[in-house]
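Everything in the sequence shown is counted per the numbering used here, starting at 3 for the first residue and increasing by one.
A virtual CB, placed ideally from N, CA and C, is assigned to each residue, including glycine.
Quick notes on the structure that follows.
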Amino acid sequence: AEETALLIESAVKRIADGNGMVETTARTLSQIQSDTSMVADLVGKIASASNEQAMGLSQINQGLAQIDSVTQQNTAHAEQTSAASQELASQAAHVRDLLQHFRLQKHEDSFAGNRLQLPPA
3 AEETALLIES AVKRIADGNG MVETTARTLS QIQSDTSMVA DLVGKIASAS NEQAMGLSQI
63 NQGLAQIDSV TQQNTAHAEQ TSAASQELAS QAAHVRDLLQ HFRLQKHEDS FAGNRLQLPP
123 A
């Protein structure tokens, strides 16, 4: 009987220890589940932020492409303006050369004061 009582007492202690372990395991599993949910939420937020950044980068790339296009157009316009300026300068020099063949004489009886005359041939 004494042995049986000791065996029962030992079994009760083991059961109590087992119950404590089960409770500790349950709390740990509950904490793991809570932490897993929190990690899943954070991963979702990271994915959302990554998508927003990708859209932002896409918009930046589109903007840079537009800037590149405008820059190329401006370069072409600048080259055209430069060519037109050079042509205008050339024509102005030609007109100046032509005007050197004319001379102005001052006549006092002229209302305008100056009259254009061709040089003697």
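Check	Outcome
For residue 34 and residue 13, I'd like the C-alpha separation in whole angstroms.	31 Å
Could you please give me the residues that DSSP links to residue 16 through a beta bridge?	Partner(s): none; residue 16 has no beta bridge.
Could you check the C-alpha separation between residue 24 and residue 50 for me, to the nearest Å?	39 Å
Can you give me the C-alpha to C-alpha distance between residue 79 and residue 53, rounded to a whole angstrom?	39 Å
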